[in-house]
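Below: the structure, in C-alpha cells.
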DNA sequence: GACCTGCTGCGGAATG
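Numbering (this note's numbering), first residue to last: 6 to 784.
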C-alpha cells in the first residue's frame, strides 16, 4: 500500500497519484485521504491511457467509482487545457471537439444514479466539470438542456439511453461527438440478460454514430468469472480487456448453517397477546404459521436484535411473514420494533424509509428483504447476513455476503434451512433432505471461490426486434443490409445469420395469415415502421428490453385457480403443484396464456422442486452427489443440520442411489441425473418426445407409469438415435413465448430462440450415456 | 414453482 503526501506539494507520492491532474491531487488531499486504495492505485495507468477497455472489480463500497473517475477527470481536465492553451480556433486536428458529452455512465438502477450523482457532483463541482442525471424521474427540461448543450458527464439508465436514441436520433452524433469514456456500473447485473444484450447494442450504436471505438470501463462486484465480464464489456474482444481485481479485503468469514424441521403444528405453543411500542394490542398467536418458521423467527429475534443486519428471504410472501413474526416478538418483549421489510412490491416511500433507517447507525435495524438489497444501493455494511431458505445461486449468495463486515470486522453469514417432517409416505427428494444438501453444496462452492457462469449463447431475438425497430425510428428508415451490419455483424446478435435475419424481417412485416405490420419496405428498399410498429415504438413501454412478468391462467374443470408465472417448460402431461394440491397439465394454450389442469392422484407432493427460475448449475448438483457419497460433516453445521444431513445420507444409501440413477416409486420411475436444470429440462423434453409422461422436479425427473427397465430402454433408444437438432426438439415444447417480443416470432424462430436459451442437447446426451453406463438394473 | 430492473410527452391544474 502506498502513501500519499501529507501536503499538497511535497512527499513520496505514489506513482498513480503523481500521474493524476494537479487539481485532482488537490481534491484527494482535501478529502484527507491518507492513501489511495489498492484498486484506485492500479486503475490509474490503464484508465489514464484512454485507449483500452478495463474491468475494475472490487467489493461494494471499496472506492471503485473513484478508481475510475479520478483518472477520467484528470483526462478531461488535460483535454480542456489542450484546447484552451495550444489551439487556435482553426487548428483542432487530433483533439476531440469541445462540445458534447465526454463521459457516458450507465447504471442499472435509478437509485444508484442518484447516489453516484451526489458523490461525483461533489468532486466535479470543484473541477468545473458538469454532471447530469438522465432517468425517468428527472424533469424533461433538464433532459432538453443536455440535448441543446451536451457536455461533461452524463449518468443514464439503458432505458433512457434507448429513449434518447429514438427521440433525438438526428442529434446523437452531435451529442456524443466528444465522447471519451463509457462507464458501466454494476456490470455483473447485466451479464447474460436481455437488458445486457440491449446495452451492448446501444453502445454499438453510439460508437457507430461517432464513428470510432470509445474505451469502456466496467465496474463490477468481485464475482468469479472475469473473462465473461470482459467479453460482455467488449463482445468479441474480451481477451484484450484489462482486468483489475481488488486484492484488498481477504476478510475473515464466520459461517453457520442451521437446520430446522417442520413438526406437527398442534404442538406449537402460542405466544399469547402482546402490546407493541405504540401501546396497541397486537395478535401474537403463531398457530397458523408453520412450526419451522416460528422457530426460525425465535432464533432470528434472539441472534439479530440490537445490531444492523440483512435477512434475505426467498420471496415477498416470506419477507412479509417473517417481518410480521419478528414485529410480534418485539411487541411481546416490550421493546421497540427494529425489523423492517424491503421488497419490490412495496411503495418507494416505504423502501426509502427502510434504507434511511439502515444508513442511520444510531438505532439498530434489521431489514427483511428479497434481492432488492443485493445491488450497490448505499446503505453501508451491516453486522451480519441471514439467508432463510436455500440460496438461488452461489453468485447471489456471494453478493449478499459482500454486504456484511465493516472494515476490519469479520463477515458473518448464517443460513436457516428447513426440511419437511418425514413419514413413510414422504417423497424421495424430501427424504434426501435435498434443500439442506443443496445449501451445503452452495456454501462449499462459495468457499472454493466458484461461481455460476452467466448464460451466454442465447440469440436474444426479442431484444433484436426491439433494437431493429429502434434503429429504424432513430434514422427514419434503414436498408436491410445496413440494419444487419449495424446490429448483427458483431456484438450481442452475432449468432444471428443473414437467413435468420431475413426470416425475422418477414415475420415483422407479416406473412400470409399472420399480419404483424410492425415494419414495411418502401419501393427504394428502405425499411420503415408499419402502423403497429409506430404504435409499439411510440409508447414509452417500448424502451425496456425486459417485460413485466408474463403469467398464465390456471384453469381446472372450468374453474380458475390462479395465475402462474412461466419461466420453465410446462409440458402436457406434467405435474405441477398449485394451491397446495397436485395437478396434471392436460392442455397449454400459448397464445391465450391458459393452462388447463385436472386433479392428479399420487403421494404427497415434494416441497423441494428446484427453486423457480434460477437455473441450478451442473456443478451444484455434482457437488450435492459428492456430499451424499462422502462421510465428512462440515464444521459450520449446527447439531440439527448434522442430524438432517445424516438422514439424507442414510436415505440416499437406502434408495441405492450410489449405484443407481433410476428409482422405482409405485408405478412410476424417478430419474436422478445429478446435473443442472438446463440439462435435466432438456432430458425431460427428450423423454417426452419419445412418448414418456414426464415431470421435472429439478433434482429428479418423474416418468409416470413406467418401470425403471422401460425407462432404461427408452434412454437406450435415445442414445442410439444420437443427439437431435435442438431446434427440432424445441418444437414439442408448448410454452416458448418468454421474452418481451416473442409473440411476434414465427414458430421456427421461436424454436431457434428457445433452443439457444433453454436446451443443452449435447449435455443431455452425455448424461444419457452416463446413466446407461452407471445404472445397475435390479428389477 | 423467486427475485429484480425501467419508461415520454402532453394536457390540465395549481402556484407565483
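All C-beta atoms, glycine included, are put in the ideal place defined by N, C-alpha and C.
- If you draw a 10 Å sphere on the C-beta of residue 338, you find fewer than 16 other C-beta atoms in it, and that means exposed.
- Following the DSSP letters along the chain, one finds residue 391 inside the beta strand (DSSP E) bounded by residues 389-393.
- The alpha-carbon of residue 456 is positioned some 26 Å away from that of residue 435.
- Taken in chain order, the whole alpha helix (DSSP H) runs of length 4 or more contained in the stretch 344-385 are 353-364.
- The C-beta distance from residue 41 to residue 21 rounds to 6 Å, short enough to meet the 8 Å contact threshold.
- Cα atoms of residue 70 and residue 372: separation of roughly 26 Å, rounded to the nearest angstrom.
- The shortest CA-to-CA distance from residue 741 to any of 761, 206, 626 is the one to 761.
- As computed with DSSP, residue 139 is found in a beta bridge with 161.
- Contact between residue 58 and residue 246 holds, with the beta-carbon distance rounding to 4 Å and staying under 8 Å.
- Taking 7 Å as the cut-off, the Cβ atoms of residue 28 and residue 132 count as close.
- Residue pairing of residue 186 in beta bridges, as defined by DSSP: 108.
- With fewer than 16 other beta carbons inside 10 angstroms of its own, residue 429 counts as exposed.
- Under the 8 Å Cβ criterion, the stretch 665-677 does not count as touching the stretch 441-453, having fewer than three qualifying pairs.
- Inter-residue distance for residue 651 and residue 396 is about 21 Å (C-alpha atoms, whole angstroms).
- Closest by C-alpha distance to residue 188, out of 451, 223, 47, 215, is 223.
- With a 10 Å radius around the Cβ and a threshold of 16 neighbouring Cβ atoms, residue 653 comes out buried.
- By the neighbour-count definition (other C-beta atoms within 10 Å, threshold 16), residue 501 is a buried residue.
- Residue 217 has its alpha-carbon roughly 52 Å from the corresponding atom of residue 677.
- DSSP lists no beta-bridge partner residue for residue 78.
- Of all C-beta pairs linking the stretch 315-330 to the stretch 387-403, three or more are shorter than 8 Å, placing the two stretches in contact.
- DSSP places residue 525 within a strand segment (E or B) once states are collapsed to three.
- DSSP places residue 223 in the strand class (E or B) of the three-state scheme.
- Under a 10 Å Cβ-count criterion, residue 707 is classified as buried, with 16 or more other Cβ atoms of the shown protein chains found around its own Cβ.
- In summary, residue 68 is buried, with 16 or more beta-carbon neighbours lying within 10 Å of its beta-carbon over all protein chains present.
- Taken atom to atom, the span from the alpha-carbon of residue 162 to that of residue 510 is near 28 Å.
- In chain order, 112, 224 place their CB closer than 6 Å to the CB of residue 190, counting only its own chain and leaving out the 5 sequence neighbours on each side.
- In this chain, residue 425 is not harboured by any alpha helix (DSSP H), its DSSP state being neither H nor E.
- Cβ neighbours of residue 460 within its own chain (closer than 7 Å, five residues either side excluded): 197.
- The alpha helix (DSSP H) runs of length 4 or more contained entirely in the stretch 637-707 are, from start to end of the chain, 644-659, 682-694.
- Rounded to the nearest angstrom, the Cβ distance from residue 695 to residue 719 is 5 Å, consistent with a contact under 8 Å.
- By alpha-carbon distance to residue 310, the top candidate from 335, 77, 423, 193 is 335.
- Counting along the chain, the unbroken alpha helix (DSSP H) around residue 773 starts and ends at 766-779.
- Straight-line measurement puts the Cα of residue 514 at about 15 Å from the Cα of residue 467.
- Taking C-beta atoms as the reference points, residue 259 and residue 421 fail to come closer than 7 Å.
- In this structure, residue 328 places its C-beta atom within 7 Å of the C-beta atom of residue 346.
- Straight-line measurement puts the Cα of residue 464 at about 11 Å from the Cα of residue 763.
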